[in-house]
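Visitor: Here it is, the structure, as structure tokens.
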Amino acid sequence: MRFRHEITIDAARCIGCGRCIGDCPASNLAVEGKKVAPLTQACIMCAHCVAVCPTSAVSISGFDE
Ligand code: SF4
Ligand code: SF4
14 MRFRHEITID
24 AARCIGCGRC
34 IGDCPASNLA
44 VEGKKVAPLT
54 QACIMCAHCV
64 AVCPTSAVSI
74 SGFDE
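Counting with the working numbering, you get residues 14 to 78 for the letters of the sequence shown.
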């Protein structure tokens, strides 16, 4: 099954601060090693993770500009 939106986390930018995890209403983010990764691509796509990331490591594809 394909989802229209896809969450991408740039591991080179992620500093492991955990802000995105704390702000995710769907508990869809977890630390893997010292970097964060989405557990699924089937969350509610609220984009809070994009908004709170201090290093702009998170992006979600598929939205109009
Ligand atoms: S888009 Fe929202 S629900 Fe999905 S991982 Fe980011 S904060 Fe969580
Ligand atoms: S908010 Fe950004 S830098 Fe912090 S853990 Fe999440 S993806 Fe990494």
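Where is the CB? At the ideal position from N, CA and C, for every residue including glycine.
Taking 7 Å as the cut-off, is the CB of residue 46 close to at least one heavy atom of ligand 2?
Guide: Every heavy atom of ligand 2 is 7 Å or more from the Cβ of residue 46, so no.
Visitor: Return yes when the Cβ of residue 61 is within less than 8 Å of the Cβ of residue 37, no when it is not.
Guide: In this structure, residue 61 lies closer than 8 Å to residue 37 by Cβ.
Visitor: Whose CA, out of 73, 48, 46, 67, lies closest to the CA of residue 59?
Guide: If we check each option's Cα against that of residue 59, 73 comes out closest.
Visitor: Does the beta-carbon of residue 9 have 16 or more other beta-carbons within 10 angstroms, so that it is buried, or is it exposed?
Guide: Outside the shown range of the chain, which is 14 to 78, sits residue 9, and nothing can be said about it.
Visitor: Going by the DSSP bridge assignment, what does residue 68 pair with across the sheet?
Guide: Answer is none; residue 68 lacks a bridge partner.
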